[in-house]
Amino acid sequence: MKTVSDVFNEICDFEKRVGLFYESIGDEVKKEYGKFFENLAEDEYRHAEIYKKLGEKAARDERVI
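Start counting the sequence shown at -15; every next residue gets the next number (this note's numbering).
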């Protein structure tokens, strides 16, 4: 069983991994689309922070889902 906080923390970790994926795009692709993937990575890290804060808030109310 998972708590609401667990779910938000897992989503946060996922968002960070997606950000790292975007950062790891090969150099050939980055030449043409580099800024695009940089922006996507920044968005994912921003999402991770949102989910982290939601997880912290949810930790006060540890409902099981």
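Even glycine gets a Cβ: it sits at the ideal position worked out from N, Cα and C.
Given the structure is predicted, the values throughout are model-derived calculations rather than measurements.
What are the boundary residues of the alpha helix (DSSP H) that includes K41? D11 to A42
Which value, in whole angstroms, describes the spacing of the CA atoms of G10 and D45? 42 Å
How is the alpha helix (DSSP H) around K(-14) delimited, first residue to last? Per DSSP, K(-14) belongs to no alpha helix (DSSP H) and is neither H nor E.
Per the contact definition of three or more C-beta pairs closer than 8 Å, is the segment -13 to 2 in contact with the segment 10 to 20? no
So, is F(-8) buried or exposed, given that buried needs 16 or more other C-beta atoms within 10 angstroms? buried
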